[in-house]
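Undergrad: Per UniProt numbering, the sequence shown starts with residue 1, numbered consecutively.
Each residue gets a CB set at the ideal place from its N, CA and C atoms; glycine is no exception.
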Amino acid sequence: MVNKFTWIICSLILAIGILGAGYSVGKAFYIVKKMNRSVTVKGLAERDVKSDLGLWEINFREVGNDLVQLDQRIQHDQELVVTFLKQQGFTDKEIDRTQLKVEDRFANVYNQNISQNANNQRYVVTAGTRVRTEKVDLVQQAGQNVDKLLQLGVPLAFDASSLSPNPSFYYTQLDSIRPALLAEATQSAFTIATQFAKDSGSKLAGVQNASQGVFQIMGRDTSTMSSDWNSNQNALGSIEKKVRLVSTIVYRIR
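1. Go ahead and pull the three-state DSSP assignment for isoleucine 239.
2. When the Cα of glycine 43 is compared with those of Ala185, Asn120 and Ala107, which residue comes out closest?
3. In the DSSP output, which residue or residues are listed as bridge partners for glycine 219?
4. Where does aspartate 104 sit, in a helix, a strand or coil, going by DSSP?
5. Which residue comes first and which comes last in the alpha helix (DSSP H) that contains valine 131?
6. Between the C-alpha atoms of glutamate 134 and leucine 53, what's the straight-line distance to the nearest angstrom?
7. Mind listing, in chain order, the continuous alpha helix (DSSP H) runs of no fewer than 4 residues lying wholly within the stretch 51-90?
8. Between isoleucine 253 and serine 200, what straight-line distance do the alpha-carbon atoms span, to the nearest angstrom?
9. Here's the rule: buried if 16 or more other CB atoms are within 10 angstroms of the residue's CB, otherwise exposed. What is glycine 206?
10. From this set, Leu156, Ala142 and Gly128, which residue's C-alpha is nearest aspartate 96's C-alpha?
11. Among all the DSSP beta bridges, which residues are the ones paired with alanine 185?
12. Do isoleucine 239 and phenylalanine 169 have their CB atoms nearer than 7 Å?
13. Taking 8 Å as the threshold, find out whether the stretch 81-100 comes into contact with the stretch 133-148 through three or more Cβ pairs.
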């Protein structure tokens with residue numbers, strides 16, 4: 001009888017222990033689930049800016065069989081281009097001559113037909129002038145007058161292999177607006193998260209995780225649907241640009 005009574009007492013204690021453990025596990029699970037509630041939002045900040053640096057290359061090419069004569073013609077072309085640029089308003093400090101390049105077409109082992117034809121010119125000499133200036137508006141304006149060089153007989157050359165716009169424009173003052181854009185993007189994310197919490201009957205309980213994001217410089221009228229490559233090319237060819245930052249922040253909610 002005593003043994004039976006003892007067995008009942010032990011069973012009750014064991015059952016109470018199992019229930020207590022189950023309750024503790026369930027409560028802990030509930031707390032963990034509650035603590036893991038979060039919302040991920042993206043904050044947007046944009047700023048219209050104007051380029052402050054312009055790069056412009058004017059290349060020209062002469063073809064012939066006499067390198068001495070070709071050099072003289074190239075030097076003459078160079079003088080015409082430099083004179084043109086100075087007339088447009090650029091200074092000597094903003095003008096730089098690029099390296100001379102000489103191609104011997106007869107040395108091309110992959111195209112023997114060129115060397116076998118006596119009418120073909122052997123040498124191709126290419127040179128150029130580079131403008132680097134903060135006068136971005138002047139670069140754009142002068143580029144519209146480049147036909148004057150053709151009228152002077154300068155054999156302009158255009159590099160079809162280059163995918164970068166010419167002239168190209170750059171914005172170099174990103175550091176001066178970086179803090180303000182980051183603050184705007186953070187505030188934008190907070191506003192969105194606050195509205196979400198309000199609509200869902202929750203409250204924000206602090207930041208769980210955050211990613212600053214990447215500062216993008218694009219053309220002012222570039223579509224957000226443009227590819228990264230197209231966006232970059234549009235930005236380089238445009239004086240007016242847009243700086244965009246998208247920050248991602250994860251907020252805990254309760």
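TA: Looking at the coordinates:
1. coil
2. Residue Ala185 is the option with its Cα nearest to glycine 43.
3. Lys241
4. In the displayed model, aspartate 104 falls within a strand according to three-state DSSP.
5. Counting along the chain, valine 131 falls outside any alpha helix (DSSP H), though it belongs to the beta strand (DSSP E) covering 123-133.
6. 5 Å
7. 67-88
8. 10 Å
9. exposed
10. Gly128
11. Bridge partners of alanine 185: none, in fact.
12. A distance below 7 Å separates the beta carbons of isoleucine 239 and phenylalanine 169.
13. yes
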